[in-house]
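Student: In the numbering used here, the protein residues as written are 822 to 1218.
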Amino acid sequence: MTPKPTMDRRGFLKISASTPLLAFPFGFATPVAHAAVPAAADYDKVLVLIELKGGNDGLNTLVPFTDPAYYVLRPKLAVSRDRVIALTDSVGLHPSLEPLFPLWKERELAVLQGVGYPEPNLSHFRSIEIWDTASKSAEYMQEGWLTRTFAAAPTPASFAADGVIIGSPDLGPLAGGGTRTIALSNTQQFLRQSRLATPEGEPHNKALAHILKVEADIMQAALRLSADYPFRTEFPQTAFGNAIRTASQVIANRAGVAVVRVTLSGFDTHNAQYATQARLLSDLADGIVALKGALVELERWHRSLVLTYAEFGRRPKENLSNGTDHGTSSVHFALGGRVAGGLYGEQPSLDRLSGDGNTSYAIDFRSVYATVLERWWGVPSSGVLNGRYTALPMLRS
822 MTPKPTMDRR
832 GFLKISASTP
842 LLAFPFGFAT
852 PVAHAAVPAA
862 ADYDKVLVLI
872 ELKGGNDGLN
882 TLVPFTDPAY
892 YVLRPKLAVS
902 RDRVIALTDS
912 VGLHPSLEPL
922 FPLWKERELA
932 VLQGVGYPEP
942 NLSHFRSIEI
952 WDTASKSAEY
962 MQEGWLTRTF
972 AAAPTPASFA
982 ADGVIIGSPD
992 LGPLAGGGTR
1002 TIALSNTQQF
1012 LRQSRLATPE
1022 GEPHNKALAH
1032 ILKVEADIMQ
1042 AALRLSADYP
1052 FRTEFPQTAF
1062 GNAIRTASQV
1072 IANRAGVAVV
1082 RVTLSGFDTH
1092 NAQYATQARL
1102 LSDLADGIVA
1112 LKGALVELER
1122 WHRSLVLTYA
1132 EFGRRPKENL
1142 SNGTDHGTSS
1152 VHFALGGRVA
1162 GGLYGEQPSL
1172 DRLSGDGNTS
1182 YAIDFRSVYA
1192 TVLERWWGVP
1202 SSGVLNGRYT
1212 ALPMLRS
């Protein structure tokens, strides 16, 4: 009888480490044992995080088209008033975001103005670390805010994973070990590669034992994760559109996941911002519309919350390279069938900038997280976030 072909462990791990298909599977720490899920935790409600990597410019995302200071600060980069997709009589969306306007009219789009935090850090690495760990500006934490969430209120053991990371090897809010996390770029390729891992006997080496445990977790997830849902929704033929397709396939699985994070990169627009941001925002809008279509097909739109986030915004004043430099607060979106659409927070005041030319914040980003924890999943937030932050009234019951 011909033996069943297998891949040796060295070959499998080499593929895993050298490609974006699977990175840091289930972390590199021993997963926390899953206890009974608290009665209030409702992880059947999925969270979709969209990271706008590099720091999206909020002022050209939600344009204050009646504010003369906006046009003074941005003589070249400002979006002309006649091109703005007006939401109110004073602010409107960048024209590339027009596909989102129907969600605004259906009150399924909440626009969060001035999202930031005290004593902001303008380093990409440090600021995204603050966002991912929900720490204070001068506080250093090892675990992501979602890692702490699932330690405090574990997802059901029957779930394929706590979270799935798409389009980036960085675990972000799921970092720190202790979570069942898969990082992948293509669901079908993940399944094919993960099933090449084969269990062996009980090892005596602790390092090898850990590798075998990781492989076992990969195989367990692969058995529960399928990529064969026949969506009628048409996904954009872009890298971000492919990531949204993968996210939709993950959410289509009966074996649940609590959170999916997708990354859209390229927002560090120090030069030639106008065309670059227009393209990126178009990708974002088209991807979100496709995601909604897929979730409606799955009858999951009303049990899905989509949130954008980034490490920071951009300075109000354009630079000499037709771009913008690192800033502080920015605009973010919340979308879903249970989102109470509208404007939240306050548009930053452009005539009262800080000494370095930045704006103040109106919404602490940890209030957004508190909203997810308390009003979406039903998980107490103060322990996870190491403090009390007021949840936003942006969700309908």
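We treat Cβ as the ideally placed atom computed from N, Cα and C, and that holds for glycine. Keep in mind that this is a model prediction, so the values were computed, not measured.
Look up Glu1195 in the DSSP assignment and say whether it is helix, strand or coil.
Tutor: Helix at Glu1195.
Student: DSSP state of Ala856, grouped into three classes?
Tutor: Unreliable positioning characterises Ala856 in this predicted model, as indicated by a pLDDT of 39, which lies under 50. The coordinate reading is nonetheless provided below. Three-state result, Ala856: coil.
Student: Check whether the stretch 935 to 950 touches the stretch 1155 to 1162, counting contact only when three or more Cβ pairs, one atom from each stretch, lie closer than 8 Å.
Tutor: Output reads no: the stretch 1155 to 1162 does not touch the stretch 935 to 950.
Student: Can you list, in chain order, the residues of its chain with a C-beta nearer than 7 Å to that of Ser1142? Leave out the 5 residues immediately preceding and following it.
Tutor: These residues qualify, in order along the chain: His1091, Asn1092.
Student: Do Glu1132 and Ile949 count as a contact pair if the criterion is CB distance below 7 Å?
Tutor: Yes, the Cβ-Cβ distance between Ile949 and Glu1132 is below 7 Å.
Student: Is there contact here, the stretch 1056 to 1069 with the stretch 1104 to 1113, by at least three beta-carbon pairs under 8 Å?
Tutor: The stretch 1056 to 1069 vs the stretch 1104 to 1113: in contact.
Student: For the stretch 1092 to 1101 against the stretch 885 to 896, do three or more pairs of beta-carbon atoms, one drawn from each stretch, fall closer than 8 Å, so that the two count as touching?
Tutor: Result no; under three Cβ-Cβ pairs closer than 8 Å.
Student: Looking at Gly965 and Ala1004, is the spacing between their C-beta atoms short of 7 Å?
Tutor: Not a contact, by the Cβ cut-off of 7 Å.
Student: Excluding five sequence neighbours on each side, which residues of the same chain lie with their C-beta closer than 6 Å to the C-beta of Val1083?
Tutor: Within the same chain, Val1083 has close Cβ partners Ile871, Ile987, Gly988, Ala1064, Ala1068.
Student: May I have a chain-ordered list of the alpha helix (DSSP H) segments no shorter than 4 residues that lie completely inside the stretch 1061 to 1132?
Tutor: As far as the stretch 1061 to 1132 is concerned, its whole alpha helix (DSSP H) runs of at least 4 residues are 1094 to 1118.
Student: Who does Leu914 pair with in a DSSP beta bridge?
Tutor: For Leu914, which the question treats as bridged, DSSP gives the partners Leu883, Ile906.
Student: What does Lys874 pair with, by DSSP beta-bridge criteria?
Tutor: Per DSSP, Ser1086.
Student: In chain order, what residues of the same chain have a beta carbon less than 6 Å from the beta carbon of Leu1164, not counting five sequence neighbours either side?
Tutor: Closer than 6 Å at Cβ, skipping near neighbours: Val932.
Student: Return the CA-CA distance between Ser1086 and Gly875, expressed in angstroms with no decimal places.
Tutor: Rounded to the nearest angstrom, the two C-alpha atoms are 7 Å apart.
Student: What residues are listed by DSSP as bridge partners for Arg1135?
Tutor: His1147.
Student: Please report the distance separating the alpha-carbon of Ala973 from that of Ser958.
Tutor: Approximately 23 Å, taken between the alpha carbons.
Student: Where do the N-terminal and C-terminal ends of the beta strand (DSSP E) with Leu894 fall, by residue?
Tutor: Counting along the chain, Leu894 falls outside any beta strand (DSSP E), though it belongs to the alpha helix (DSSP H) covering 889 to 894.
Student: With respect to the beta strand (DSSP E) encompassing Ala931, which residues constitute its N-terminal and C-terminal limits?
Tutor: Taken as a continuous stretch (DSSP letters only), the beta strand (DSSP E) holding Ala931 covers 930 to 937.
Student: Just verifying my parser: in three-state terms, what is the DSSP assignment at Tyr1210?
Tutor: Three-state result, Tyr1210: coil.
Student: Considering only their Cβ atoms, is the gap separating Leu880 from Pro1137 smaller than 7 Å?
Tutor: In contact: Pro1137 and Leu880 (Cβ atoms closer than 7 Å).
Student: What residue range does the beta strand (DSSP E) around Thr1002 cover?
Tutor: Element bounds for Thr1002: 1002 to 1005.
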